[in-house]
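Those protein sequence lines, which keep their order, are chains A and B.
Everything in the first sequence is counted per our numbering, starting at 728 for the first residue and increasing by one.
Everything in the second sequence is counted per our numbering, starting at 3 for the first residue and increasing by one.
Beta carbons: idealized from backbone N, C-alpha and C, even for Gly.
One structure is given here, and the rest of the page talks about it.
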Amino acid sequence: MQKSQPSQIIDLPLNKTVALIKINDSATIKKLYKSNFRKVKNYVLQNNGSAAEAKDIYQEAFVAMWRNIKNDKFVANSETALNGYVFQIAKHKWLDHLRSASYKNTTFINREMEYFETENEEDEFKNQQLKIILESISKLGERCQLLLKLFYFKRQSFKKIAKLTQMDEASARNAKYRCLEQLRKMTQSIPNGPK
Amino acid sequence: MDLNKEKYYSQETQQQIDGYLLGTLNADELAEFQKKMELDPMFKKAVQEQKLLLESVEEYNLRQSLNVLHSAIKQENSKKTQYSWIAVAAFLAIIIGLTSWALFFNTNSAEKVFAKNFEPDPGLPTTMGTSSNYDFYEGMVSYKRKKYQKALVLWQSLYSKNNESDTLNYFMGVAHLANGEALKAEKYLYKASEQPKSIFYEEAQYYLALSQIKEGKILEAKQTLANSTSPKNSELREQVEKLD
Chain A
728 MQKSQPSQII
738 DLPLNKTVAL
748 IKINDSATIK
758 KLYKSNFRKV
768 KNYVLQNNGS
778 AAEAKDIYQE
788 AFVAMWRNIK
798 NDKFVANSET
808 ALNGYVFQIA
818 KHKWLDHLRS
828 ASYKNTTFIN
838 REMEYFETEN
848 EEDEFKNQQL
858 KIILESISKL
868 GERCQLLLKL
878 FYFKRQSFKK
888 IAKLTQMDEA
898 SARNAKYRCL
908 EQLRKMTQSI
918 PNGPK
Chain B
3 MDLNKEKYYS
13 QETQQQIDGY
23 LLGTLNADEL
33 AEFQKKMELD
43 PMFKKAVQEQ
53 KLLLESVEEY
63 NLRQSLNVLH
73 SAIKQENSKK
83 TQYSWIAVAA
93 FLAIIIGLTS
103 WALFFNTNSA
113 EKVFAKNFEP
123 DPGLPTTMGT
133 SSNYDFYEGM
143 VSYKRKKYQK
153 ALVLWQSLYS
163 KNNESDTLNY
173 FMGVAHLANG
183 EALKAEKYLY
193 KASEQPKSIF
203 YEEAQYYLAL
213 SQIKEGKILE
223 AKQTLANSTS
233 PKNSELREQV
243 EKLD
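The following block contains the structure:
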């Protein structure tokens with residue numbers, strides 16, 4: 728009787744972590760980010776890299792980990808596995824960077840946008856689109872950026888968003904709708920963007 | 003066609019798709035939504051499009067927050083380094099403090115041993131007698147009046163004629179020591195302490211040791227007293243042993 732479902736109890740914290748990552752919980756992201764950086768930094772520094780390169784590679788690895796968790800591509804069975812996963816991605820990315828032909832000629836900073844792993848044609852197309860959309864977001868007005876951030880990244884309710892932006896709820900909903908539409912249209916006007 | 007397309011990008015549709023992508027639809031709404039996607043490829047496409055926009059918005063903001071996090075880590079680390087420098091500085095200050103305190107304490111206790119034990123030899127009786135000893139006894143009178151400098155001047159002329167005299171070496175040494183000139187005292191007392199047959203032998207060792215203690219030469223003082231047997235010297239030796 729007492730022995731019932733021990734695995735659930737063990738799994739619970741990790742499932743919670745994964746769930747929190749999926750909703751972009753800032754405390755969880757902060758903890759995960761802080762606890763793995765030193766190891767990656769040491770690895771890069773020991774392998775002909777600089778601190779700036781360590782930061783870049785680590786952030787790419789972190790985003791990749793985050794993306795895979797969002798898409799259920801990575802099923803972590805322990806918290807340690809999650810930490811190990813971030814490090815493994817960073818390590819592979821760094822080794823890829825060292826092997827790359829452009830390594831000797833190009834500085835890593837200029838290769839900033841080359842972080843998208845290309846696995847197949849479909850992924851490559853998606854990555855192209857993602858690149859265009861990210862650029863478009865940076866061109867959005869401050870207000871639109873904030874509204875989209877609060878709703879999609881921070882996962883705030885319109886009630887809260889209305890309070891934060893000093894609008895009524897209906898106006899906030901409407902403003903967010905128009906911002907996303909603006910973004911969609913921006914990405915459409917670019918050739919090969921989403922249609 | 004265009005009007006038809008508009009409905010996929012209405013505020014209502016966007017909200018509906020948001021509900022699906024953010025997982026806020028209830029079971030019934032979800033079932034209905036999935037059925038709609040199956041039946042309407044255009045709607046499905048709109049969902050995929052909005053999904054990509056949503057993911058991009060998230061990633062854009064994630065990257066921004068990671069940069070903020072990173073500069074926070076850097077600041078924390080530099081603060082840590084700052085603190086560790088402060089810690090090192092504080093540690094050094096404590097070490098320096100302790101060392102100087104120990105040194106001070108050590109000299110202080112050597113000084114204490116000296117102050118506790120030093121008492122100038124009372125001197126010899128001054129019976130005015132033969133003229134040959136006149137200068138010596140005049141000096142002794144000054145010595146007894148604690149006019150050590152004057153005594154030393156008087157004795158100096160005798161000393162230049164006979165620098166082996168145990169009596170002269172002994173009293174000139176003690177006079178210098180009483181005058182606070184331990185180094186000069188040591189020179190005379192050393193000579194006096196080298197004459198085992200002298201009546202001042204033990205006493206010369208005693209005052210020699212004291213002048214060495216005053217100079218902080220604890221090891222030498224120990225050596226000076228090493229072979230002494232007189233109770234006075236043994237007692238001083240015990241005190242010197244305790245110095246370190």
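Segment limits, alpha helix (DSSP H) that includes residue i
| i | result |
| --- | --- |
| A/M894 | Neither: A/M894 is in no alpha helix (DSSP H) and is coded neither H nor E. |
| A/T755 | S753 to Q773 |
| A/V790 | A778 to K797 |
| A/I816 | E806 to R826 |
| B/T128 | First-last for B/T128: undefined, no H or E at that position. |
| B/E243 | P233 to E243 |
| B/I215 | Y203 to K216 |
| B/I220 | I220 to L227 |
Per-residue DSSP class, three states only, for residue i
| i | result |
| --- | --- |
| B/L24 | coil |
| B/D137 | helix |
| B/F93 | helix |
| B/A177 | helix |
| A/G868 | coil |
| A/V802 | coil |
| A/I860 | helix |
| B/S162 | helix |
| B/F120 | coil |
| A/D850 | helix |
| B/K38 | helix |
| B/Q77 | helix |
| B/K199 | coil |
| B/I88 | helix |
| B/R147 | coil |
| A/I750 | coil |
| B/G182 | coil |
| A/K887 | helix |
Below-8 Å beta-carbon distance, residue i vs any chain B residue
| i | result |
| --- | --- |
| A/K800 | no |
| A/Y760 | yes |
| A/N763 | no |
| A/L747 | no |
| A/I888 | no |
| A/L891 | no |
| A/S898 | no |
| A/I756 | yes |
| A/I796 | no |
| A/K866 | no |
| A/N742 | no |
| A/Q883 | no |
| A/L857 | yes |
| A/L873 | no |
CB contact below 8 Å: residue i versus chain A
| i | result |
| --- | --- |
| B/S80 | no |
| B/V59 | yes |
| B/Q77 | no |
| B/N28 | no |
| B/S67 | yes |
| B/Q13 | yes |
| B/Y10 | no |
| B/Y22 | no |
| B/Q16 | yes |
| B/L185 | no |
C-beta neighbour in chain D for residue i, strict 8 Å
| i | result |
| --- | --- |
| A/F852 | Reference to chain D is not applicable here, since the protein chains of this structure are A and B. |
Residue i beta carbon near the ligand SAH (any heavy atom closer than 7 Å)
| i | result |
| --- | --- |
| A/I864 | As presented, the structure is devoid of all ligands, the ligand SAH included, so that no description of it is given. |
Closer than 9 Å, Cβ to Cβ, to anything on chain B: give me those residues from the region 804-827 of chain A, in chain order.
none
Anything in the region 33-54 of chain B with a Cβ closer than 9 Å to a Cβ of chain A? List those residues in chain order, please.
K47, Q50, E51, Q52 and L54
Taking beta-carbon pairs under 7 Å, can you tell me which members of the region 765-790 of chain A lie near chain B?
K782, Q786, F789 and V790
Contact set between the region 85-102 of chain B and chain A, restricted to residues whose Cβ is under 8 Å from the partner:
none
Using a beta-carbon distance cut-off of less than 8 Å, what residues from the region 899-913 of chain A approach chain B?
R900, N901, Y904, L907, E908, L910 and R911
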